[in-house]
Amino acid sequence: MANTALDWVHPISSHIETLLIFKDSEVIKVLDHDALDSLLDGELNLDGLSGSVKAVYVQANHDWLIQALVCCMIPLDEQGYCEEEWQLPLQRLCDTAGPGPDFGGGRIRLACRSQCPISGYKDTLWDPSTIVFSAINQALDDSQGELIHQDLIEGVTEENIGLIKRALRNEEISSRNHIQQLQQDLERQKLLSERLAKELEHFKQKRTSLGEHELIQENDRLNMKLRELQLTIEKLRETAEIKEQGTVQHDDEIIDRMEQAEVMSVVFHPGAGHLNLQPHQLLDYLEDPMAYAAHHIGLSKAQYLIWLKHHDRPNCVVCDEPVPLIGNPTIFDDQMDIYCDQHKPLD
Numbered sequence: 151m152a153n154t155a156l157d158w159v160h161p162i163s164s165h166i167e168t169l170l171i172f173k174d175s176e177v178i179k180v181l182d183h184d185a186l187d188s189l190l191d192g193e194l195n196l197d198g199l200s201g202s203v204k205a206v207y208v209q210a211n212h213d214w215l216i217q218a219l220v221c222c223m224i225p226l227d228e229q230g231y232c233e234e235e236w237q238l239p240l241q242r243l244c245d246t247a248g249p250g251p252d253f254g255g256g257r258i259r260l261a262c263r264s265q266c267p268i269s270g271y272k273d274t275l276w277d278p279s280t281i282v283f284s285a286i287n288q289a290l291d292d293s294q295g296e297l298i299h300q301d302l303i304e305g306v307t308e309e310n311i312g313l314i315k316r317a318l319r320n321e322e323i324s325s326r327n328h329i330q331q332l333q334q335d336l337e338r339q340k341l342l343s344e345r346l347a348k349e350l351e352h353f354k355q356k357r358t359s360l361g362e363h364e365l366i367q368e369n370d371r372l373n374m375k376l377r378e379l380q381l382t383i384e385k386l387r388e389t390a391e392i393k394e395q396g397t398v399q400h401d402d403e404i405i406d407r408m409e410q411a412e413v414m415s416v417v418f419h420p421g422a423g424h425l426n427l428q429p430h431q432l433l434d435y436l437e438d439p440m441a442y443a444a445h446h447i448g449l450s451k452a453q454y455l456i457w458l459k460h461h462d463r464p465n466c467v468v469c470d471e472p473v474p475l476i477g478n479p480t481i482f483d484d485q486m487d488i489y490c491d492q493h494k495p496l497d
């Protein structure tokens, strides 16, 4: 059965509570509040695990921003059940812990072996690395994404957003093609007008060799043709302007219908999470999704794209060795976090 949002919430303190099980520096299991209680009560076992395992107890607010961490060792028997005699005051350790890193919501409280707030529990704790912090942040981001259910979203699905995007794009392409055709027709008429103007000038220069009557007739004919071309050019210009205005009006009609139907669009971008789009925001988003997501988290598009490249492939730009993944783009340092320790520039 899939987790719901309430499974992660502590029933008394109302904060989000989870336990992350580590192997080396990688999260291999994520337990919500109910699963954590079952583990500590001996009702749940961790299949495939035994002995002393590394774990991180996490408290976060309802925006999934980490508030406190306790890095502890949990003893398991051969079947993966927590040893009955193991007791650790997780809440007290969280409340009295010293300062830790900033995950985007201010500095957290951190209890670990080198920073144990309660004497006597130091040997049951362990010290995390920056790689562990990145793994914790990524695990919470993944857990948050899994809680977005279709029945909680009233409005446009990802598939429908794609249909709307394609419809708007096709309409835009059609309008642009029509406007481009009108512009080409206008350019041809201009060239023809210039050619006729040159012919008129040529005939004026032949006044001495033509009879006055013939010259007047030819001059009138060319002037009439030139006037007709000028009227045609003016009509083409007006048609192009009307078509362009109609495209804008068509987009506005789509937005108005979406607002009347109270349609809400939801999109997901790494680092920005799920974005709720009002109908009047949809066209701005479709014009440049990456720039929109970057603006939402207070970054420029260029900064967001640099972080996104790091997020998709966290490797040193010099030697291509893996580097710690910075899951939060707002704390990503594009001068330091793209290098391994060997190639990191000196301060």
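Those letters in the sequence shown? Residues 151 to 497, per my numbering, in order.
Beta carbons are placed, not taken as given, at the ideal position from N, Cα and C, and that holds for glycine.
Span separating the alpha-carbon of GLN300 from that of ILE258: Here the model assigns GLN300 a pLDDT of 34, short of 50, so the residue's position is not dependable, and the following value carries that caveat. Taking the straight line from one Cα to the other gives about 32 Å.
Output the boundary residues of the alpha helix (DSSP H) element that contains ASP213. It is not in any alpha helix (DSSP H) - ASP213 carries neither H nor E in the DSSP assignment.
Is the CB-CB distance between ALA205 and LEU169 below 8 Å? yes
Own chain residues within Cβ distance below 7 Å of VAL180, not counting five before or after: THR168, LEU170, ALA289, SER293
Where ILE171 falls: helix, strand or coil (DSSP): strand
Determine the burial state of PRO278: buried for a count of at least 16 other Cβ atoms within 10 Å of its Cβ, exposed for fewer. buried
Exposure of HIS460, with buried meaning 16 or more beta-carbon neighbours within 10 Å: buried
Once DSSP output is grouped into helix, strand and coil, what is the label at PRO278? coil
Quick one, are the C-beta atoms of LEU350 and LEU372 less than 8 Å apart? yes
Run through DSSP, which three-state label would PRO479 get? helix
Can you pull the DSSP bridge partners for GLU176? LYS173
Can you say whether ILE476 is buried or exposed, counting buried as having 16 or more other CB atoms within 10 angstroms of its CB? buried
In chain order, which continuous runs of the beta strand (DSSP E) of length 3 or greater are located wholly inside the stretch 399 to 481? 415 to 419, 423 to 427
Span separating the alpha-carbon of GLY255 from that of GLU228: 39 Å
Since ASN478 and PHE283 are thought to touch, with beta carbons under 8 Å apart, how far apart are those beta carbons, to the nearest angstrom? The pair is not a contact, with the Cβ atoms about 10 Å apart (cut-off 8 Å).
Starting from ALA261, trace the beta strand (DSSP E) both ways and give me its first and last residue. 257 to 261
Buried or exposed for ILE488, going by 16 or more other Cβ atoms inside 10 Å? buried
Which of helix, strand or coil does DSSP assign to MET374? helix
Whose C-beta lies closer than 8 Å to the C-beta of ASP213 among residues of the same chain, with five residues either side of it excluded? GLY255
When the Cβ atoms of the stretch 463 to 476 are set against those of the stretch 439 to 454, are three or more pairs found closer than 8 Å? no
Apart from the five residues on each side of it in sequence, which residues of its chain come closer than 6 Å, Cβ to Cβ, to ALA443? HIS419, ALA422
Applying the criterion that 16 or more other CB atoms from any shown protein chain within 10 Å of the CB defines a buried residue, is ILE366 buried or exposed? exposed
Suppose the cutoff is 6 Å on Cβ atoms and the five residues either side in sequence are ignored; what does the same chain contact list for SER188 look like? LEU194
Around the C-beta of PRO249, are 16 or more other C-beta atoms found within 10 angstroms, so that it is buried, or is it exposed? exposed
Could you check whether CYS232 and GLY192 sit closer than 8 Å to each other, using their CB atoms as the reference points? yes
When the Cα atoms are used, what is the spatial distance from GLU384 to MET374? 15 Å
Can you give the Cα-Cα distance for TRP276 and GLN431, rounded to whole angstroms? 47 Å
Give me, in chain order, the residues of the same chain whose beta-carbon lies closer than 7 Å to that of LEU446; leave out the 5 immediate sequence neighbours on both sides. Sequence check: residue 446 is His here, not Leu. Excluding sequence neighbours, HIS446 sits near ALA422, LEU425.
With DSSP as the reference, label GLN265 as helix, strand or coil. strand
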